[in-house]
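J.: Sequential numbering from 235 applies to the sequence shown in the working numbering.
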Amino acid sequence: MRTLGVLALCLTVALTLAIAKQRHCTFRVHAQANPHDTDVFSMSTRARSSGKDVAIQKLPWITEHDVVAFAPYPAPDGTFGALFQLDEHGRVVLDTLSLERRGGFLFVLINGRLITELQIDKRVSDGKIYIPSGLAAADIEVMKKDWRFIGRRKR
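Here it is, written out as C-alpha cells:
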C-alpha cells in the first residue's frame, strides 16, 4: 500500500512538471539548406522575398526554449513586429550562424507559420532577433504567456 502511495505521488509530480513546462508559443529559426540535401534533412518552402522555392533545414537551430524576453510593436502594415532576446545558448548559436552562414538566409517560423526570412549580412553577437512585421495580435497575446517584456524583471 505504501509503494502504491509513493508511485501515485511520483506520477502527480511528474505530470505537474510536464504541464508546467508546456509552451504556448512556438518560435523556430531554421537555416537555409543545400538544395541537394535529401528530404530527410531539408524541406522546401516558398521564400517571401523572391517567391522561389528554397530548401530549409528540418531541424531548427533556435527554438522557443532559447527566448527569454521580447518587445512587440505595431508595424506600418497593420501587423506587429517584435524584438526577441535570446538566452546564452541562443546567443552563441545565433553568433555562430551569423559567422558560418553569411550571405545565406534564416527562416523564422512562429506558431508553425513562416513569418519572415532574414538574410545574414553581418555578425550578430548580441543575441537579439528582430522581426520587422507579420505577427498577429493573437501571436503577441500568446507570447505574453511565455516570455517577459524586454527591460522587465523575471516573473
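The C-beta atom is built at its ideal place from N, Cα and C for all residues, glycine as well.
Tell me where the beta strand (DSSP E) around T279 begins and ends.
T.: That run of the beta strand (DSSP E) goes 276-280.
J.: Please check the pair I354 and F261, which I expect to be a contact at CB under 8 Å, by giving their CB distance rounded to whole angstroms.
T.: No, I354 and F261 are not in contact; Cβ-Cβ is about 18 Å, not under 8 Å.
J.: Could you check the C-alpha separation between P310 and L369 for me, to the nearest Å?
T.: One C-alpha to the other measures close to 12 Å.
J.: Give me the Cα-Cα distance between R386 and W295, rounded to the nearest whole angstrom.
T.: Roughly 26 Å separates the two Cα atoms.
J.: What's the C-alpha gap between F314 and G338?
T.: Distance between the alpha carbons of F314 and G338 is about 25 Å.
J.: Between the alpha carbons of H299 and L317, how many angstroms are there, rounded?
T.: So the two alpha carbons sit approximately 16 Å from each other.
J.: Under three-state DSSP, which class holds D287?
T.: In the structure shown, D287 sits in a strand (DSSP, three-state: E or B).
J.: Helix, strand or coil for S359 per DSSP?
T.: Three-state DSSP puts S359 in coil, outside helix and strand.
J.: Would you give the residue range spanned by the beta strand (DSSP E) that L226 belongs to?
T.: Nothing about residue 226 can be read from this structure; the chain reaches only from 235 to 389.
J.: Just to confirm my understanding: we take K378, look at its own chain, exclude 5 residues before and 5 after, and list those with CB closer than 8 Å. What are they?
T.: Here the set comprises nothing.
J.: Using the C-alpha atoms, what's the distance from S332 back to H293?
T.: Sequence check: residue 293 is Leu here, not His. When rounded, the distance between both Cα atoms is 17 Å.
J.: Give me the DSSP bridge partner(s) of A316.
T.: Its beta-bridge partners are P306, I365.
J.: Would you mind sorting I253 into buried or exposed? The rule is 16 or more other CB atoms within 10 Å of its CB.
T.: For I253, the predicted structure reports a pLDDT of 46, less than 50, and the residue's modelled location is therefore unreliable. The matter cannot be settled from this model.
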